[in-house]
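Undergrad: Just so you know, the UniProt record's numbering puts 240 at position 240 of the sequence shown, and the rest follows in order with no gaps.
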Amino acid sequence: MQQAAIDLLGKADLITPMALRVAATLKLVDHLEAGVTDLPGLARVTRSHERPLGKVLDHLVSLGVVERAGERYRVSALGAPLSSRCDHLGVRPMLDVEHLIGKAELAMVDLLHTVRTGAAAYEERGVTLWEDLNAAGGGAPGMDAFKRTAALFDAEAIAEQFDWSQVRDVVDVGGNSGAVAISLLEAHPHLTAAVFDLPCFGPAAREAVERARLADRCEVISGSFFDGLPPGRDVYLLSAILADWSDEDAVRILRQCRRAAGPTGVVLLAEVHLRADHPDPVHRTAAALRIEASMGHPDRTPADLAELAARAGLRVTWEGRHTPVRSLLALRAETEHR
Ligand SMILES: C[S@@+](CC[C@H](N)C(=O)[O-])C[C@H]1O[C@@H](n2cnc3c(N)ncnc32)[C@H](O)[C@@H]1O
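1) So what's Arg338 in DSSP terms, helix, strand or just coil?
2) Specify the secondary structure class of Trp130 as computed by DSSP and reduced to three states.
3) For a test of your reading of the model: does the CB of Leu89 fall under 7 Å from any non-hydrogen atom of ligand 1? Yes or no.
4) Counting along the chain, where does the alpha helix (DSSP H) carrying Asp249 start and finish?
5) Hey, how far is the Cα of Ser327 from the Cα of Tyr236?
6) How many Å lie between Leu133 and Leu82 at the Cα?
7) For Val45 and Pro279, what's the separation of their Cα atoms in angstroms?
8) Mapping the DSSP letters down to three states, classify Leu221 as helix, strand or coil.
9) With a cut-off of 8 Å on the beta carbons, I'd call Gly232 and Gly262 a contact; round off their distance for me.
10) For the segment 88-97 and the segment 109-116, state whether three or more C-beta atom pairs, one from each stretch, are separated by less than 8 Å.
11) For Arg290, which residues from the same chain have a beta carbon less than 7 Å from its beta carbon, with the 5 sequence-adjacent residues on both sides left out?
12) Hey, is Ile221 close to ligand 3, as in C-beta under 7 Å from one of its heavy atoms?
13) Contact check, Ser239 vs Val316 under 8 Å by CB: the rounded distance?
14) Quick one: which unbroken beta strand (DSSP E) runs of 3-plus residues sit fully inside the segment 112-190? Chain order, please.
15) At a cut-off of 7 Å, would you count Ser224 as near ligand 1, judging by its Cβ distance to the nearest heavy atom?
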């Protein structure tokens with residue numbers, strides 16, 4: 001029994017994960033690599049209190065993340081990914097609590113909020129992740145990680161399966177940095193598009209559109225989809241949007257699309273279905289929980305989506321071939337709905 005208690009507390013330990021986050025946030029490994037290798041020096045360059053920093057270093061030594069020789073510390077092979085030189089691996093940004101990715105990761109401490117409310121854990125802070133990113137601004141450190149530079153999760157199904165031949169223009173609602181709109185425009189040269197997203201993604205979307213030499217066919221519009229959308233376009237695409245939101249918010253977004261699409265436009269719902277896929281049950285269930293805690297509703301079925309659409313006054317007029325991670329539903333306004 002006593003061993004079970006020790007084992008359980010070992011699994012629930014917060015100090016080791018937080019010591020690693022302190023090391024990542026203070027960029028301790030960068031300073032070690034730059035030759036600042038003693039405690040007073042490290043406290044000075046990281047503007048930290050020497051006594052607790054010393055205890056963090058002691059713990060990192062016992063974990064094998066850094067090594068100690070006399071009064072000097074150096075990075076071990078295990079600690080090397082904490083160098084900013086390795087930020088492309090994503091380890092340090094994920095552990096840096098002042099980095100936007102690290103902040104999102106740290107929201108997992110509010111898992112209870114998700115379990116009690118069904119909402120993303122981040123929202124325990126009183127804002128959504130997207131609102132926080134928007135407040136931080138497009139140039140904030142870590143924003144790049146939230147810019148979609150490629151169309152993901154079988155997004156090519158959107159260009160391939162839907163019949164775009166009669167469509168003139170499409171609004172990519174929540175189009176981020178334009179990756180999906182660009183892939184659509186490249187596949188269908190007669191189309192024009194608008195990428196609609198929060199202001200923080202505007203500059204990245206404009207840059208991507210210009211890089212793809214599509215500026216004459218693609219405008220970038222900044223705004224919130226809760227406040228209204230540019231009206232009168234043929235198609236309003238929602239790619240990987242509703243999973244972030246509760247049923248109530250998803251219906252609000254769909255209503256805005258219906259309003260903008262009017263009686264003739266189409267709302268094309270290209271929803272993602274995220275599932276954890278790992279052979280090890282501990283990794284798999286942890287990943288499933290992480291997905292659950294990160295978004296409003298990660299695994300709605302096409303039937304759930306059709307029900308939400310009906311609440312927003314939209315009916316399904318076409319259904320694509322669903323892939324394991326993507327479903328496609330075309331929706332039109334119910335004529336009698338107000
Ligand atoms: C998961 S990403 C999907 C991006 C893209 N549609 C795709 O398929 O890759 C969700 C997008 O919704 C955007 N978003 C969140 N809240 C928004 C709002 N209130 N108004 C407009 N866009 C919003 C985010 O900025 C983000 O780009």
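In this text, a Cβ means the ideal position worked out from N, Cα and C, and glycines have one as well.
TA: Taking the geometry as given:
1) At Arg338, the pLDDT of 48 sits below 50, so the modelled position is not reliable and the matter cannot be decided from this model.
2) helix
3) no
4) Where Asp249 is concerned, the enclosing alpha helix (DSSP H) stretches over 247-261.
5) 16 Å
6) 24 Å
7) 43 Å
8) One detail in the question is off: residue 221 reads as Ile in this sequence, not Leu. Note: Ile221 maps to strand in three-state DSSP.
9) At roughly 7 Å, the Cβ-Cβ gap stays under 8 Å, so Gly232 and Gly262 are in contact.
10) The answer is no - the segment 109-116 does not touch the segment 88-97, with fewer than three Cβ pairs under 8 Å.
11) Met108
12) Of the ligands one can find in the structure shown, namely ligand 1, none is ligand 3.
13) So it is not a contact: roughly 17 Å between Cβ atoms.
14) 169-173
15) yes
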